[in-house]
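A.B. asks: Supplied in structure tokens, the structure appears directly below.
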Amino acid sequence: MEFTSFDDFWMPHQGSDGPIADYLRTLEPDLKLRVREAVRSGYLDGDADGARSYAATAWAVRGTVP
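The sequence shown stops at residue 71 when you use this note's numbering, and every number in between is there.
See below:
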């Protein structure tokens, strides 16, 4: 996964799809901001904001019941 900045990384989590977005919608605004800032701190990891690249893995199983 390639991101141009923290905002690019964070934007999908503010949407309406996915478990992280679902969870964030349950939080009060002040707690949501604290979570965002904690994630931002991890994203930056002491460096300037900018592009980051993360490995992504997806696991899926499909089956049929006889």
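Glycine included, every Cβ here is placed at the ideal spot set by N, Cα and C.
In angstroms, rounded to a whole number, what distance separates the CA positions of residue 33 and residue 70?
C.D. replies: Each residue's Cα considered, the two are about 42 angstroms apart.
A.B. asks: In angstroms, rounded to a whole number, what distance separates the CA positions of residue 40 and residue 66?
C.D. replies: When rounded, the distance between both Cα atoms is 31 angstroms.
A.B. asks: Examine the Cβ distances between the segment 55-65 and the segment 20-28 and report whether three or more of them are shorter than 8 angstroms.
C.D. replies: At 8 angstroms Cβ cutoff, the stretches do not touch.
A.B. asks: At the level of alpha carbons, what is the spacing between residue 7 and residue 14?
C.D. replies: When rounded, the distance between both Cα atoms is 9 angstroms.
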